[in-house]
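Here the sequence shown stands for residues 1371 to 1632, numbered as in the numbering used here. For glycine and all other residues, C-beta sits at the position ideal for the given N, C-alpha and C. Since the model is a prediction, treat every value here as computed from it, not as a measurement. One structure is given here, and the rest of the page talks about it.
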Amino acid sequence: MLKIQTLSSGSAGNITFIGSEQTNLLVDIGLPLSLTHKLLAEAKIDPNSIDGILITHEHSDHIKGVAEFITKYDTPIYCHQKVTRILQSALKIPLHHFIEFTDDLTIGDILVNYFPVPHDSRFCLGYTFTCHNATVGIATDIGQMTSTMLTYLGACQVVVLEANHDIPTLLQNPNYPEWLKRRILGNRGHLSNLDCARAIVKLHQNQVTQVILAHLSEKNNTPNLAYNTVKQFLLTQGIREGQDIFIDVALQSKIGNCYCLE
Ligand SMILES: [Zn+2]
Ligand SMILES: [Zn+2]
């Protein structure tokens, strides 16, 4: 059995739960401890049961609550050797909180694979998690999809994938300076709804049956806009949402649906 559930997703803070019969993990803690507690309680997850935290990258919407959480619960951070120093200096916590790895890794009964994601952080990672025959994956903060990412994510049944912005909404947003628009649209920025949809077409050709749209911009997207853009694009490719593939949307500071694979 393998579960995946977003507890919060978006530019204001990200947390995702991965759980099996024996092992509970969090990917990123980008919200303060009080809010993290509230969301874990709503999802009926005991914070003491978390066996490890994996971090995608050092931006504050992914790490804001990590130091507070591990100080209270003494939870290890599983961390690729390449990013230990970056995360340690960003989090300002002692080295003994980190368990370093250099290769694929097993935590309890979950196999963790990682892959690089192009983004304007020092080093950004995506992950897949496998337990028995079930595999789920997560990739957000994506400047552009790569063939490596598609290979890893294509092996999953359930994927949490960034649908950050609607391009016309972003371009017309008078509150966003030009440099910021360029950063978001750049190939180390964030994935648009349309590029997310294009990636889903490729993922659909593999194992993926459920995609959770994630890391939506609060200013340049809405859950309906993301869902409808993806649904319409898939239709133009002959893929029917709700029949050929299922699309869900993860929300900011709200627990999402829990997907449980046997
Ligand atoms: Zn980021
Ligand atoms: Zn982010």
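By a C-beta neighbour count over all protein chains shown, 10 Å radius and 16 as the cutoff for buried, is residue i buried or exposed?
| i | result |
| --- | --- |
| G1612 | exposed |
| S1390 | buried |
| K1434 | buried |
| G1383 | buried |
| S1430 | exposed |
| G1608 | exposed |
| L1409 | buried |
| I1469 | exposed |
| G1466 | Looking at the sequence itself, residue 1466 is His, so the reference to Gly does not match. Label assigned to H1466: exposed. |
| S1517 | exposed |
| M1515 | buried |
| C1630 | exposed |
| M1519 | buried |
| N1503 | exposed |
| Q1659 | Residue 1659 is absent from the model: the chain starts at 1371 and stops at 1632. |
| S1562 | buried |
| E1428 | buried |
| E1532 | buried |
| K1373 | buried |
According to DSSP, what are the bridge partners of residue i?
| i | result |
| --- | --- |
| K1373 | G1389 and C1630 |
| I1423 | L1396 and I1447 |
| V1619 | L1583 |
| E1611 | I1615 |
| N1563 | Per DSSP, none; premise fails for N1563. |
| N1418 | N1418 is not bridged to any residue. |
| V1482 | L1475 and F1499 |
Complete beta strand (DSSP E) runs within the stretch 1573-1609 (minimum length 3 residues, chain order): 1580-1584
Just the residues with CB closer than 6 Å to a heavy atom of ligand 1, in chain order, which are they? H1427, H1429, H1489, S1491 and D1511
Could you name each continuous alpha helix (DSSP H) segment of 4 residues or more that falls completely within the stretch 1486-1557, going from the start of the chain to the end? 1517-1524, 1537-1542 and 1548-1555
Return the chain-ordered ranges of every beta strand (DSSP E) run that is complete within the stretch 1380-1405 and spans a minimum of 3 residues. 1385-1390 and 1394-1399
My parser needs the alpha helix (DSSP H) runs of 4 or more residues fully inside the stretch 1430-1480; what are they? 1430-1433, 1436-1443 and 1454-1461
For the pair the stretch 1553-1567 and the stretch 1480-1489, tell me if three or more CB-CB distances fall below 8 Å. yes
Give a yes or no on contact between the stretch 1543-1557 and the stretch 1474-1487, applying the rule of three or more CB pairs nearer than 8 Å. no
The stretch 1450-1465 touching the stretch 1413-1420, judged by at least three CB pairs closer than 8 Å: no
Evaluate the contact criterion for the stretch 1497-1509 versus the stretch 1594-1601: three or more CB pairs, one atom per stretch, below 8 Å. no
Hey, is the stretch 1385-1404 in contact with the stretch 1436-1447, meaning 3+ C-beta pairs nearer than 8 Å? yes
Inter-stretch contact at 8 Å, needing at least 3 Cβ pairs: the stretch 1458-1467 / the stretch 1514-1527: no
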